[in-house]
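There are 2 protein chains.
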Amino acid sequence: QVPRGNLETIHHRALVLAQVRKWLDRIQFKEAFECMRKLRINLNLLYDHNPKVFLDNVETFIKQIESVNYINLFLTELKEEDITKTMYPPLEPSSAPEQLRSDCKKVNIICDTMRTAMENVNASKYCLSILTSHVKKSPPELEIALQRIRELRERAPANGGFTSVEEALKYLLYLVDVGELYDHSLGTYDFDLVVMVAEKSQKDPKEYLPFLNQLKKMESNYQRYCIDKHLKRYPKALGHLSKCGAEHFPEFLNLVKDQSLYKEALKLYLPDTQEYKTLSDAYGEYLIEKHLPEEAGLIFFRCGAFQKALGAYLISGNWKQALCTAAALHYTEDQLAGLARNLAGKCIEKRKFGDAAVLLEQYAKDYEEAVLILLEGAAWEEALRLIYRYNRTDIVETNVKPSLLEAQINHLEFLEAQKVAFSHHQKRLSVVRKLKEQAQNEQQDLEAPHCPESDLFSDASSVVTTASEASSKYSHSNSRISARSSKNRRKAERKKHSLKEGSPLEDVALLEALGEVVRSVDSLKGEVHSLLKYLVLFGYDGHAQELQQSFQETLHLLEHSFPEIWSSDVQVFPANPVLGPDSTANSITAVYNQQKWVAPAVQEPELFVPPKLNKNIQWKLNLLQ
Amino acid sequence: QVPRGNLETIHHRALVLAQVRKWLDRIQFKEAFECMRKLRINLNLLYDHNPKVFLDNVETFIKQIESVNYINLFLTELKEEDITKTMYPPLEPSSAPEQLRSDCKKVNIICDTMRTAMENVNASKYCLSILTSHVKKSPPELEIALQRIRELRERAPANGGFTSVEEALKYLLYLVDVGELYDHSLGTYDFDLVVMVAEKSQKDPKEYLPFLNQLKKMESNYQRYCIDKHLKRYPKALGHLSKCGAEHFPEFLNLVKDQSLYKEALKLYLPDTQEYKTLSDAYGEYLIEKHLPEEAGLIFFRCGAFQKALGAYLISGNWKQALCTAAALHYTEDQLAGLARNLAGKCIEKRKFGDAAVLLEQYAKDYEEAVLILLEGAAWEEALRLIYRYNRTDIVETNVKPSLLEAQINHLEFLEAQKVAFSHHQKRLSVVRKLKEQAQNEQQDLEAPHCPESDLFSDASSVVTTASEASSKYSHSNSRISARSSKNRRKAERKKHSLKEGSPLEDVALLEALGEVVRSVDSLKGEVHSLLKYLVLFGYDGHAQELQQSFQETLHLLEHSFPEIWSSDVQVFPANPVLGPDSTANSITAVYNQQKWVAPAVQEPELFVPPKLNKNIQWKLNLLQ
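As structure tokens, then:
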């Protein structure tokens with residue numbers, strides 16, 4: 002429309018934009034629009050220049066622009082992006098007023114405001130623009146647009162004749178894909194509309210008419226169900242199908258199972274109905290298949306399928322709920338005892354001795370077995386409680402004392418083994434660190450020969466490098482993974498650190514192993530305290546003394562090694578000599594380069610922080626000191 | 002003895018040492034000794050030069066040196082230090098054979114070896130040297146030395162006459178303080194020896210004779226007790242007093258109480274005796290005074306003082322042991338129920354609802370109260386177990402459901418409050434960091450004007466500085482404190498970090514508070530999971546959904562803020578631009594100086610590592626998603 006060719010005027014864009022902005026500030030939309038259209042300036046500027054002014058003056062805008070085509074042009078060109086920030090930033094950024102806008106809804110806001118204004122000004126004249134405003138929204142309001150066309154048809158005779166149904170539909174098909182529009186017309190359940198759209202489309206009537214005729218014969222809810230199912234709108238389909246009566250329930254259940262729509266289906270029936278129970282049953286089976294037996298148990302239990310609930314709880318090991326379910330099933334004492342023994346076995350497998358003892362004592366009525374299990378679990382306090390409750394102090398001699406003495410021996414052996422492992426790893430760590438330091442120095446000598454300071458700081462940096470040098474091999478691949486998955490990966494990697502001598506991450510693996518020893522010893526505090534108490538209670542003061550001393554020594558040994566192993570200063574910061582009077586830009590740079598190697602190590606920062614010891618437990622017995 | 006004055010020969014020390022070493026290598030001790038004595042070379046060299054050779058040739062050494070005085074000189078000059086490492090290092094260090102020696106026992110080893118050799122060569126000739134060898138040991142063997150003198154006196158007539166008792170005692174008094182020797186002579190319980198020492202000392206006979214006479218009249222054990230007590234050797238005193246019969250037990254008990262020697266005293270009596278019980282009783286009272294009621298309970302219980310044991314266990318809150326004690330006291334059902342209610346009250350105070358429920362159900366026979374307590378503690382599973390065990394499902398309607406709904410509301414409110422607090426702290430943290438960064442930049446501009454890079458790296462270093470700047474105020478005083486006490490101090494300091502706006506450690510306090518929020522929310526996972534299950538079980542799917550969503554959102558909100566709050570990269574390492582092509586030695590140094598500020602922050606490294614979330618708990622219900 003604009004004359005092109007050699008004679009076309011050349012405009013300086015900045016000057017043009019300045020002029021457009023002036024026009025917009027003066028609410029001269031017409032001038033601005035004409036100019037922008039001619040010079041292909043992005044029309045989003047009309048809004049983005051000053052959203053508030055635009056929205057306040059939408060009617061003026063429409064009246065000034067007037068042309069349906071132009072308005073359609075503006076609407077179709079709308080984008081979520083704010084082009085004053087991207088394409089046409091203002092010359093004086095500070096002068097732009099700070100506007101609060103929720104950008105992600107910009108297009109929807111403009112469409113809705115424009116539509117309201119157009120309806121006020123002249124709904125029938127702007128019919129096509131109104132359709133555009135529906136289609137441009139996200140998600141597009143195709144059903145509403147189709148509805149409008151139907152209204153148009155209904156009002157057709159009275160219509161002044163601005164836009165024919167024909168025309169409007171054609172325009173809509175120009176904006177939207179035929180198949181999509183056909184599906185949406187079906188979705189209105191309005192067959193006239195469907196036929197209208199189908200006729201305008203390239204579809205073969207032989208293809209859609211039989212389907213439509215078949216649908217027309219159906220009962221309304223079932224018809225809608227079939228349409229929804231055809232459109233893969235399964236939750237909606239279930240809603241309609243549920244209203245079709247009990248004879249369609251099998252079909253309903255099949256669809257639920259096919260699409261795993263149990264949650265949605267359950268909402269359509271009241272909890273007391275048979276359908277609800279049948280659905281719950283199916284849902285429970287589904288959850289068991291998905292390895293969620295605990296949730297399956299909930300679903301079974303609340304619909305009264307107690308037998309199945311019990312099964313699910315047995316799988317999940319949820320013994321308290323299993324007992325509740327057994328009670329709901331009116332189990333006899335004997336049945337309950339059998340169940341309890343079964344559950345107790347599972348608890349023992351998981352080393353939950355306390356739970357097993359409750360089961361044995363209270364449900365299987367076998368407190369003797371309960372005491373033995375408690376002794377196995379080193380739950381001396383609870384074992385004695387049962388012994389005194391049932392007045393069976395003879396068990397103290399026959400079982401408690403031997404168990405205590407055995408536990409004492411086991412603890413001493415464990416502590417010894419941990420000490421040996423710790424010293425072994427610690428020595429090896431210092432060897433590995435020295436080796437890495439040497440390698441580092443050699444490499445430095447190659448890179449920066451005649452650098453007299455390198456000896457000075459190698460001491461400090463070596464510890465850092467050990468880990469970093471190794472993990473840097475992983476770093477560049479890691480950087481591409483998202484934070485979440487890299488976290489998972491790290492977990493897997495953790496186990497991959499090899500303690501094998503000479504493996505590239507050996508020092509990291511050693512740090513890990515050392516931390517593991519510390520944590521495993523520290524976690525014994527409560528257990529040791531309890532063992533000490535009961536050794537003393539039964540007069541084994543010597544045994545108790547020995548254990549207390551051994552534990553004390555082990556803890557001291559570990560703690561005293563913390564500074565050497567986890568010295569955070571050495572690890573993270575270069576030593577001061579780097580900045581001595583003799584340092585040069587080169588020497589400092591060399592240290593810096595070393596440091597950069599370090600960064601990847603920070604991916605596992607917890608390995609480089611000394612393990613936290615639990616200082617709150619007063620495990621020591623004063624009377625043994 | 003050596004002629005002194007202008008004519009004294011000047012010897013070059015290194016040459017002399019070389020000659021001495023040569024003599025020692027050739028086992029020419031005599032020559033070496035004479036030379037060393039004359040030129041005042043430290044006599045330890047005789048041994049330190051080659052310990053093994055010396056020890057193997059001790060008899061030769063004695064035979065060559067021969068003089069008692071010289072040997073005494075050598076022995077008195079002995080020190081633990083290895084003078085080949087301190088005073089006279091060898092010229093060629095590598096040539097010195099690597100010797101395994103446990104240095105801390107050097108003097109004792111020499112004394113013992115020398116003594117054995119002297120006894121072989123001529124015990125009576127070297128009598129004084131033998132005494133010296135006893136006195137030089139650490140601790141000095143004064144009793145044995147005294148014993149030797151007594152032996153000397155007994156053999157006096159047969160003695161060839163090398164050394165008189167007189168002489169030996171005089172020599173000993175020259176080596177050791179009179180008072181000390183007198184005390185040790187008393188400690189041999191040998192009155193002849195005591196009198197001998199006393200006579201040689203300056204002591205007034207009026208002062209010691211009455212005391213000695215009084216002692217002589219006593220029964221042997223009581224006499225020894227009195228001496229031990231006089232010498233403040235209380236454990237030994239107790240040993241002797243315990244053999245004096247029952248009539249002295251009150252005196253024994255008094256001494257035990259006076260000196261708090263309960264542990265030692267108990268070892269002197271068999272557990273079945275009345276004395277043992279009386280002592281245990283006193284020990285228990287003492288432990289209660291020392292605020293160790295649990296240990297007091299042990300002591301009371303094992304001596305059969307059950308009533309007192311029960312009292313101690315009630316104080317310590319050790320309810321299981323209290324019940325055992327009650328059983329030992331043959332409590333009636335009613336008494337037991339009363340005790341259980343009392344104990345349950347204490348458990349509830351400590352929010353140990355599960356324990357309280359066991360007490361109420363099993364001992365007070367009040368399962369209804371137990372269920373209510375369990376509901377208060379949100380122990381839904383256990384509450385339902387009891388409800389079904391006693392077949393009282395009516396309580397589900399009256400109490401469980403209202404409790405569940407209340408808990409849901411409480412959790413939602415708590416999560417909301419935590420979210421608000423978190424956002425508040427996070428915003429403030431970013432403000433504080435910006436302020437510190439500005440302050441940092443300003444300071445830098447003052448220190449290094451015209452440093453063009455300062456803008457580039459200020460971004461990266463700011464986060465570091467925030468904390469460091471503040472903690473540096475503490476660092477120099479902290480550095481003097483030992484690792485252990487500084488740990489304690491840090492704990493106290495932790496609580497001192499003030500959240501007050503503008504406080505110097507505000508950013509550290511904010512990090513702490515943010516970590517606290519994260520931990521408190523994360524720790525809810527188990528509780529929320531359980532609540533969700535029981536909400537679903539009773540059909541409150543909507544409530545469950547709401548809670549699950551709120552919890553999920555809160556966790557996401559927290560986790561997504563981790564990088565901003567705890568970005569360890571930013572915190573520890575400078576940004577790369579520091580080493581850009583324009584960097585100068587000055588600019589790099591400036592950054593380094595910034596970094597040095599950082600180091601103190603590492604004293605609380607755990608604050609700068611993001612809190613660890615428990616990823617092992619699958620708290621979400623699949624059926625609510």
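Protein chains in written order, with our numbering: chain L, 2 to 626; chain B, 2 to 626.
Heads up, the beta-carbon is just placed ideally off N, CA and C, and yes, glycines get one too.
Since the structure is predicted, the reported quantities are computational estimates derived from the model, not experimental observations.
ask   = Between the region 263–274 of chain L and chain B, which residues of the former have a C-beta closer than 7 Å to a C-beta of the latter?
value = Lys264, Pro272
**OP:** For Arg303 of chain B, decide whether its Cβ has a neighbour in chain L, counting only Cβ atoms nearer than 8 Å.
**Re:** yes
Residues of the region 550–561 of chain B with Cβ closer than 7 Å to any Cβ of chain L, in chain order
none
How about Asp316 of chain B: is its C-beta nearer than 8 Å to some C-beta of chain L?
With the sequence shown as reference, residue 316 of chain B is identified as Ile, and Asp is not the correct amino acid for it. Closer than 8 Å: no.
Practice prompt. Mark Pro211 of chain B as exposed unless 16 or more other C-beta atoms lie within 10 angstroms of its C-beta, in which case mark it buried.
Written response: exposed
Taking the alpha helix (DSSP H) that His561 of chain B belongs to, which residues open and close that run? 542–567
Exercise. Does the distance from the C-beta atom of Glu155 of chain B to that of Thr189 of chain B stay below 8 Å?
Worked result: no
For Lys321 of chain B, which three-state DSSP category applies? helix
Exercise. Taking Cβ positions only, does Arg390 of chain B come closer than 8 Å to chain A?
Worked result: Within the model displayed, chain A is absent; protein chains L and B are what it includes.
*asked:* So Gly540 of chain L contacts chain B; which residues on that side make the cut at Cβ distance below 7 Å?
replied: Pro272, Arg303
Q) What residues in the region 323–341 of chain L have a beta carbon less than 9 Å from any beta carbon of chain B? A) Leu324, Cys325, Thr326, Ala327, Ala328, Ala329
**Study point:** CA-to-CA distance, Leu262 of chain B to Thr133 of chain B, given in whole angstroms
**Key:** 35 Å
Kindly give me the distance between the Cβ atoms of Glu78 of chain B and Leu44 of chain B, rounded to whole angstroms, as I take these residues to be in contact under 8 Å. 5 Å
Practice prompt. Report buried or exposed for Val537 of chain L, applying the criterion of at least 16 other Cβ atoms within 10 angstroms of its Cβ.
Written response: buried
Check: DSSP three-state call for Leu267 of chain B: helix, strand or coil?
Finding: helix
Would you identify the three-state DSSP class for Phe539 of chain B, choosing helix, strand or coil?
coil
Quick check on Glu383 of chain B - is its C-beta less than 8 Å from some C-beta in chain L?
yes
Exposure of Tyr175 of chain B, with buried meaning 16 or more beta-carbon neighbours within 10 Å: exposed
_Quick check: the Cα distance between Lys291 of chain B and Glu560 of chain L, rounded to an integer number of angstroms?_
28 Å
Would you please verify whether the beta carbon of Val610 of chain L is less than 8 Å from any beta carbon of chain B? yes
Check your understanding: Between the Cα of Asp508 of chain L and the Cα atoms of L:Leu360, L:His426, L:Leu413, L:Tyr127, which residue gives the shortest distance?
Key -> L:His426
_For Thr279 of chain L, report the span of its alpha helix (DSSP H) as first-last._
275–290
Just the Cα atoms here: how many angstroms apart are Leu515 of chain B and Lys613 of chain L? 19 Å
Arg225 of chain B burial status per 10 Å Cβ neighbour count (16 or more: buried): buried
Taking all protein chains shown into account, decide if Pro52 of chain B is buried (16 or more other Cβ within 10 angstroms of its Cβ) or exposed. buried
query = Skipping 5 residues on each side, what residues in its chain have a beta carbon closer than 6 Å to that of Pro582 of chain B?
reply = Caution applies to Pro582 of chain B, whose pLDDT of 47 falls short of 50 and renders its modelled position unreliable; the value that the coordinates give is listed next. If we look at Pro582 of chain B and ignore the five residues flanking it on each side, it has no Cβ neighbours.
Item to complete: Confirm, please, whether the CB-CB distance from Ile150 of chain B to Leu170 of chain B is below 8 Å.
Response: yes
Kindly say whether Lys534 of chain B, judged by its beta-carbon, lies nearer than 8 Å to any beta-carbon of chain L. yes
CB contact flag (Phe34 of chain L, Ile84 of chain L, <8 Å) | no
* Should Asn400 of chain L be flagged as near chain B, meaning a C-beta pair shorter than 8 Å? -> no
- prompt: Name the chain B residues whose beta carbon is nearer than 7 Å to that of Arg386 of chain L?
  reply: Lys321, Leu324, Cys325
Listed from N- to C-terminal order along the chain, which residues in the region 401–424 of chain B have their beta-carbon within a distance smaller than 9 Å of any beta-carbon of chain L? none
Quiz item: DSSP three-state call for Pro294 of chain B: helix, strand or coil?
Solution: helix
* Is any beta-carbon of chain B found at less than 8 Å from that of Leu344 of chain L? -> no
Cβ closer than 9 Å: which chain B residues qualify as neighbours of Lys53 of chain L? Per Cβ cutoff of 9 Å: no residues; Lys53 of chain L is ~27 Å from chain B at best.
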